Structures are given as structure tokens and as C-alpha cells.
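Engineer:
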Amino acid sequence: MVDVVLQQQGLPGVRRTGKRASLRNALKRKSTVAFLMTLPLILLIAVLVIYPAFYAIHLATLNKAMTKFVGFGNFQFLFKRNTFWMVVEQSCIFAITAVIFKALIGFIVAHFAHNIPSRKQRKWRGMLLVPWVIPPAMSTLAWLWLFDPSYSAFNYTLGFFGIGPISWLGEAGWARFSVILVNVWYGAPFFMIMYLASLKSVPEQLYEAAAIDGANWWQRIWYVSLPMMRNIIAITTLFSLIVTFANFDIVRILTAGGPIDQTHLFATWAFKVGIEGSDIPLGASVSLFMAPILAVAAFFILRDVSKRGNEA
Amino acid sequence: MSTLAIDKAGPRRNVKYGSMSRDRIWALRWSYFFLSLFAIIALLPPIYMLITSLKSSAEISAATNPWWVYHPTLSNYIELLTSNQFLRFFWNSAMISVFVVAVTMLISVPAAFALARMKFWGSATLATGVFLTYLIPDSLLFIPLFKMFVMFGDWTGIQLINRWYVLLFIYPTLTVPFCTWIMIGYFASIPKELDEAAIIDGASWFQTLTRIFIPVALPGLIAATIFAFTVSWAQFLYPLVFTTSNDQLVLPVGIITTLIKGDVFNWGQIMTGALLGAAPPLIIYAFLMDYYIAGLTAGATKG
């Protein structure tokens, strides 16, 4: 900056040519500069994201001692194990149920929050988003304590209604319910905030027009809100599906996969097999089963991006 | 609403005049009722953390009413905040988060600037690719990354496994793609005239970035910083895999591995630790809610 100022005060003629030259130089170097600026990003992604992703495929084809190539041996081994199919089933149940409930609850709460005067919305929004701000590992500990078998606050409360003590995390059915419940509790606020933002962008006139046409509240939601929110609903659900499918913290802390591996997801089982059981190739094979859903998501996102590009 | 339907049918306009506003009032009351219900559910675990953290072990094991503190005590807080181990976890977490935020910003801000403004060969593909990498979850990468760092240690003799600073290499994979993505969005929204004017005035690309883009896109920068901080603070899987010694642990892993000894759960201390661990994000959220929400919803990706 300093020499620029000096130049401006100094020779006007020289300054003009100098400026033009420096502009041309800058333009000439632009792509080089740009490349250098993105180089750290490229290196980081290439070395610590892309390479490990492919390395996982390579690892999955080795034997336990990682000395021999076994091809699809690990996958064949997995397909023969009951636990694996249980994990597949539980991952799908977990992800799909949790996402549906998160989306539903988020949608409902967003509508309630949208109903109240905008001055007060901030306060309510602030409270409703708290589950999503607390690190999931920390809040899951609170849930673990709420579910505690002997001193459980839930069972204590239910006792007043004459409902017998429930073994929240000890019984397969209840344990599955509990992990889904905690995940919904953690994720629903995110849906709420996304839907609230998109509700605000729906023009008020559309609702007025619908009301004049005699639409009831249900029709207004079905024929006005939903079509207007379609994109945001689709993208939020898609992303949430990935994150939920790959969830680790909640199941790890709440049940660690138990009782008898009934609540394992791909991530927690891969951790148990690969890190705790130190069978890295098998763990890598397990975690690779999360890839298909990623591919589907990538497909939709790329389609969306190219569509947007065509419109612009 | 029904009145409106009747209105269409005939001229009896004033039959139920005012029912619209009555409908509104009831809709409002129901909204408040359900919002309160959901707010109670949302705040239940953190409040329960607070309740338990104020109880002594004796009161917890006496199994009195779990929702009430009969003899509030700060002993759990005092014990944790004077325990070297816990402070060590807190310090590790804080140090890692701050370093990761710095590294993330140093990588993603220039990259976002280049991708948003300096079109070059492959820049559009790279921008999309950056976003796609954000979708690769940590639970897919932790096994190959672990193996990679083990092999790196074997080859070079530099042991990175079980050192807290290994996380400085790994956390940016979670934060950089997303921060770059939101910074691209913020930079792209800056009018082109601004940087053209700067270039004509003789500013270099670097000066354009530091003097024009960073000040103008400061809200985005704050949002990205908050995002990077909360992600590194909350991360659980990577530290669980990469660190095992007590003095190398970060807060979430530390609480879970040291306060839970076998089957003995010291719930008072665990809840205190969890609350203290949740405090920094909650405090940031309380003061910078709008930035927080802007950052974490910009790419519609979490939850």
C-alpha cells in the first residue's frame, strides 16, 4: 500500500504505465496465484480424505495380519455372519426411522414457531435449538443417566403412573427405541431451523390467496407450504440420512452396540471390529458399506448442482 | 376458516364476524402450548445434567426424587476443577480447537477466495468436489486414517498415534471443506465492482483478499470460525481412535474413559463434566446465536 501511495503522489505518467503493467501481470499470474491459494486445500483433501477413502478399499481386501491379498474374502466372511445382517438391518431401521421422525417433528415445530409473532420467535428458537448445540457425546451422557436402570429418572416418573420399570437399554427393542429417540432429540432442531427459514421465504400472498379460496389449514400446508418447501425438505432429508447412517457417538455411548450387538450401526461395529478387535481389514470392509448411500447422495447433489448451473 | 367458505356461497357476510381473529388466538395458544412442550423435551437433558451435578454422591445413591436437589452442593464442580486430569482434558480440547480453527481459516479462506473469484482451470469442479468431500463421514475414514498414521510412524519414526497433536492433522478434514464452501458463498455474494476497483487501484490479489474480502465477509468468517470451533470441540470418534493415554485425551473422551471406572458410574461428576464440556459451545451460541445458525445451516448439512 505504501508504494502505491508514493507512486500516486509522484510521477503521474509513470504511474499509469506501471499500473497497467502490474494489472496485466496480475492477470497473467492469476491462475498461478489461484492455484497456489487452493493448494493447501487440495493437498489436505487428497491426502487425508480421498486417499484414505481408497485406501479403505485396499485394506478391505487384505487378511487380518495385512500380509496377504484375499480379494473379497472379508466380504464373504461378513455375508456369512448373522451379526453383519443384524447391523445392516439395524442401520437401516435406525437411519430411516430417525430421519422420518426428525423431519416430521421439525416440520410440526417449525409451523408452530412460524405461527407466533416474530418478536418472540427468537427466544423460542433459541431454546428449541439447544439439543443441537450441545456436543452429542455430552448430551448422550445425560440420556444415559436418564435411562439408568436402577436410578432412572424416567422409570421414577413412570412409576407414578403405575408403569413398571422399563429396562431402557437392556432389552433389544427398548434399546433400539432409545438410540432412535436420542438421535431424534438431537437432530430434530436442525430440521426445525431449516424448515422455519424456508417457511419464512414463502410469500404471505400465497396463503392469503389460499384462504380466500377457502382452503383449510391442512390444505394450506399440503398445497402451499409443502410444494414451496420441496427443495429444502429434499436436501435436508438427504443430508440427514447420510449423517444419521454414519452416526457413531450416540450408539457408542448409550449402548456400545449391546445388548448382544442388537443396536450396532456400521460405524460402531466397524470400531468394535477394526479398532477394539484390531482386525483393521474387516473393520474397513464394514465401514465401506456406508459408501453406497454416499454415492446416491452424491448423485442427487451433482444433479442439483448441474441443474442450478443450467438455470443461471 | 369455515366462515370464508360460507362467504363464497352467499351474501351472509357478517354472520360470524370476528371468528377469524378468534381462530387466530386459538391457533396462537395451541402454538405456545406445543412449543412449550417441545422446549421442555429439548431442555430436559441439560437441565437434568445441572440437577445431578448439584447433588452429592450420597444423595444420588439414596435414590430420592431425581428431579429435585434436596442438599445442593458444589463439591462436584470443585473436585473436577481442581483435578489436574480434568483440567488437562479441558486444556487439550481448548488448544486443539483453537489450533484447528486457525489452520482451517488459513487453508479455507484463501482457497474460497480463489474458487469464488479467480476462475481457473477446474475451479468449478473443485468447488463441487470440496462440498462432496464434506459428505464423507468420519466413521468411514477413521480406520484407514488410523492405519495410515501407524504406517507413517513405522516409516519415519515420528510417532503420531496417541499424541494429542495428531488431531490437528485430522480435524481439518472435518472443518475445511465446509468452511471453504460457506466462504465461497459469502465471497461470491460480494459485488464484483469492489475487487475490480481494488485491482485498478493497484492492489494485489492478496491485498484484495485481506483489505476488501475479509472485512466485507466478516459475518461469514465469524460463522465459519464458530463452525470449526464447535466441530473440533464436539468431535468424539477421532480422539477415541487416536488417543489413549490419559494425558493426551480431549474432554468428551476423557470424561467417558476416566470417570466411568468399570461398572462404577460417578454420576454427579460425569454430569458436571458433561455440563462443563457443553458450556463453551452453549456460551458461544448464547451470545452469537445468529452467526451460529447462519454458519451451521449455510450448507444444510448437519443433524
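Going down the list, the protein sequences come from chains A and B. For what it's worth, the numbering used here labels the leading residue of the first sequence as 301, then goes sequentially. For what it's worth, the numbering used here labels the leading residue of the second sequence as 549, then goes sequentially. We put the CB at the ideal spot given by N, CA and C, even for glycine. This one's a predicted model, so the numbers in the text were calculated from it and none came from an experiment.
Just curious, the alpha helix (DSSP H) that S609 (chain B) is in, first and last residue?
Structural biologist: By one-based count along the second sequence, residue 609 (chain B) stands at place 61. That run of the alpha helix (DSSP H) goes S605 to S609.
Engineer: In or out: M699 (chain B) buried (at least 16 other Cβ within 10 Å) or exposed?
Structural biologist: To locate residue 699 (chain B), count along the second sequence from 1; it is residue 151. M699 (chain B) is exposed by the Cβ-count criterion.
Engineer: Entirely within the stretch 628-671 of chain B and at least 3 residues each: give me those beta strand (DSSP E) ranges in chain order.
Structural biologist: none
Engineer: Strictly by DSSP, which residues pair up with L362 (chain A)?
Structural biologist: On the first sequence, residue 362 (chain A) is found 62 positions in, with the first residue counted as 1. DSSP lists A:F369 as partners of L362 (chain A).
Engineer: Where do the ends of the alpha helix (DSSP H) carrying H619 (chain B) lie?
Structural biologist: For the purposes of this step, residue 619 (chain B) is identified with residue 71 of the second sequence, where counting begins at 1. H619 (chain B) -> no alpha helix (DSSP H), and no H or E assigned at all.
Engineer: If you compare alpha carbons, which of A:G406, A:T361, A:F379 and A:Y351 is closest to F582 (chain B)?
Structural biologist: As a working note, residue 582 (chain B) is residue 34 in the second sequence. Out of A:G406, A:T361, A:F379 and A:Y351, the CA that lies nearest to the CA of F582 (chain B) is found in A:G406.
Engineer: For R603 (chain A), count the other beta carbons within 10 Å of its own beta carbon; 16 or more makes it buried, fewer makes it exposed. Which is it?
Structural biologist: Here residue 603 (chain A) corresponds to residue number 303 of the first sequence, with the count starting at 1. R603 (chain A) should be labelled exposed.
Engineer: Under 7 Å, Cβ to Cβ, is there at least one residue of chain B near F412 (chain A)?
Structural biologist: The count along the first sequence starts at 1 and reaches residue 412 (chain A) at position 112. So, interface residue.
Engineer: Closer than 8 Å by beta-carbon distance: list the chain A residues that pair up with F717 (chain B), in chain order.
Structural biologist: Position 169 of the second sequence holds residue 717 (chain B). In chain order: L348.
Engineer: My output table needs one value for F461 (chain A): the three-state DSSP class, helix, strand or coil.
Structural biologist: Within the first sequence, residue 461 (chain A) is the residue found at index 161, counting from 1. Three-state DSSP puts F461 (chain A) in coil, outside helix and strand.
Engineer: Could you tell me the distance, in whole angstroms, from the CA atom of A356 (chain A) to the CA atom of L688 (chain B)?
Structural biologist: Taking the first residue of the first sequence as position 1, residue 356 (chain A) is located at position 56. Taking the first residue of the second sequence as position 1, residue 688 (chain B) is located at position 140. Spanning the two alpha carbons is a distance of roughly 8 Å.
Engineer: Evaluate L742 (chain B) with the Cβ neighbour count: other Cβ atoms within 10 Å of its Cβ, from every protein chain shown; 16 or more gives buried, anything less gives exposed.
Structural biologist: By one-based count along the second sequence, residue 742 (chain B) stands at place 194. By the neighbour-count rule (16 or more Cβ atoms within 10 Å), L742 (chain B) is not buried but exposed.
Engineer: Once DSSP output is grouped into helix, strand and coil, what is the label at F599 (chain A)?
Structural biologist: Within the first sequence, residue 599 (chain A) is the residue found at index 299, counting from 1. Residue state, collapsed to three classes: helix.
Engineer: With H, G and I counted as helix, E and B as strand and the rest as coil, what does DSSP make of F447 (chain A)?
Structural biologist: The residue given as residue 447 (chain A) occupies position 147 in the first sequence. Of the three classes helix, strand and coil, the one that applies to F447 (chain A) here is coil, per DSSP.
Engineer: Between the stretch 618-651 of chain B and chain A, which residues of the former have CB atoms less than 8 Å from a CB of the latter, in chain order?
Structural biologist: none
Engineer: Just to confirm the assignment, what range does the alpha helix (DSSP H) spanning F761 (chain B) have?
Structural biologist: The residue you call residue 761 (chain B) lines up with position 213 of the second sequence. Segment: none, F761 (chain B) is in no alpha helix (DSSP H) and carries neither H nor E.
Engineer: Per the DSSP calculation, F813 (chain B) is bridged to which residue(s)?
Structural biologist: As a working mapping, residue 813 (chain B) is identified with position 265 in the second sequence. In the DSSP output, where bridge partners are listed per residue, F813 (chain B) has B:I808.
Engineer: Please confirm if G701 (chain B) has its CB atom under 7 Å from at least one CB of chain A.
Structural biologist: Along the second sequence, one-based indexing puts residue 701 (chain B) at 153. Not a single C-beta of chain A is nearer than 7 Å to the C-beta of G701 (chain B).
Engineer: Under 7 Å, do N640 (chain B) and W712 (chain B) count as touching if we go by C-beta distance?
Structural biologist: The residue labelled residue 640 (chain B) in the question sits at position 92 within the second sequence. The residue labelled residue 712 (chain B) in the question sits at position 164 within the second sequence. Cβ distance < 7 Å, so N640 (chain B) and W712 (chain B) count as in contact.
Engineer: Taking Cβ positions only, does P685 (chain B) come closer than 7 Å to chain A?
Structural biologist: By 1-based counting over the second sequence, the position of residue 685 (chain B) is 137. Yes, P685 (chain B) counts as interfacial toward chain A.
Engineer: In terms of residue numbering, what span does the alpha helix (DSSP H) encompassing I550 (chain A) cover?
Structural biologist: What you label residue 550 (chain A) is simply residue 250 of the first sequence in a count that begins at 1. Start and end: D549 to L554.
Engineer: Does the Cβ-Cβ distance between M438 (chain A) and A826 (chain B) come in under 7 Å?
Structural biologist: Here residue 438 (chain A) refers to the residue found at position 138 when the first sequence is read from its first residue. Here residue 826 (chain B) refers to the residue found at position 278 when the second sequence is read from its first residue. Yes. Within cutoff.
Engineer: Leaving out the 5 sequence neighbours to the left and right, which residues in its chain are closer than 7 Å to A659 (chain B) when beta-carbon positions are compared?
Structural biologist: The count along the second sequence starts at 1 and reaches residue 659 (chain B) at position 111. If we look at A659 (chain B) and ignore the five residues flanking it on each side, its Cβ neighbours are T728.
Engineer: Identify every run of the alpha helix (DSSP H) within the stretch 559-600 of chain A, keeping only runs that are complete inside it and at least 4 residues long; order them along the chain.
Structural biologist: Segments of the alpha helix (DSSP H) lying fully in the stretch 559-600 of chain A: 566-571 and 580-588.
Engineer: Is the Cβ-Cβ distance between A776 (chain B) and V649 (chain B) less than 7 Å?
Structural biologist: Within the second sequence, residue 776 (chain B) is the residue found at index 228, counting from 1. Within the second sequence, residue 649 (chain B) is the residue found at index 101, counting from 1. In this structure, V649 (chain B) lies closer than 7 Å to A776 (chain B) by Cβ.
Engineer: With 7 Å as the threshold, decide whether the Cβ of I521 (chain A) is near any Cβ in chain B.
Structural biologist: Taking the first sequence and counting its residues from 1, the one referred to as residue 521 (chain A) is at position 221. It does not: the Cβ of I521 (chain A) has no partner Cβ on chain B nearer than 7 Å.
Engineer: Under a three-way DSSP split, which group does Y713 (chain B) fall into?
Structural biologist: Within the second sequence, numbered from 1, the residue matching residue 713 (chain B) stands at position 165. Note: Y713 (chain B) maps to coil in three-state DSSP.
Engineer: Determine the DSSP secondary structure at Q796 (chain B), reduced to helix, strand or coil.
Structural biologist: Numbered from 1 along the second sequence, position 248 holds the residue referred to as residue 796 (chain B). If DSSP states are grouped into helix, strand and coil, Q796 (chain B) belongs with the helices.
Engineer: Does chain A have any CB closer than 7 Å to the CB of W616 (chain B)?
Structural biologist: Walking along the second sequence from the start, residue 616 (chain B) turns up at place 68. Output row for W616 (chain B): interface = no.
Engineer: For W753 (chain B), which option in B:R636, B:L598 and B:F661 has the closest C-alpha, if you only look at C-alpha atoms?
Structural biologist: As a position in the second sequence, residue 753 (chain B) is number 205, starting the count at 1. That would be B:F661, whose Cα lies nearest to the Cα of W753 (chain B).
Engineer: Starting from the C-beta of A403 (chain A), find all residues in its chain whose C-beta is less than 8 Å away, skip the five residues before and the five after it, and write them out in chain order.
Structural biologist: The residue you call residue 403 (chain A) lines up with position 103 of the first sequence. So the list reads F491, I533, T536, T537 and S540, once near-sequence residues are dropped.
Engineer: Could you give the residue range of the alpha helix (DSSP H) that holds A546 (chain A)?
Structural biologist: To locate residue 546 (chain A), count along the first sequence from 1; it is residue 246. Run containing A546 (chain A): none; DSSP gives neither H nor E here.
Engineer: Quick check on G473 (chain A): buried or exposed, where buried means 16 or more other Cβ atoms within 10 Å of its Cβ?
Structural biologist: Walking along the first sequence from the start, residue 473 (chain A) turns up at place 173. Result: exposed.
Engineer: Hey, is K368 (chain A)'s beta-carbon within less than 7 Å of any beta-carbon in chain B?
Structural biologist: Here residue 368 (chain A) refers to the residue found at position 68 when the first sequence is read from its first residue. K368 (chain A) does not count as touching chain B.
Engineer: Taking 6 Å as the limit between beta carbons, can you name the residues of its chain near R552 (chain A), skipping five residues before and five after?
Structural biologist: Walking along the first sequence from the start, residue 552 (chain A) turns up at place 252. Contacts found: T568.
Engineer: Can you confirm whether L742 (chain B), when its beta carbon is compared against all beta carbons of chain A, has any partner nearer than 7 Å?
Structural biologist: Along the second sequence, one-based indexing puts residue 742 (chain B) at 194. So no, L742 (chain B) is outside the interface.
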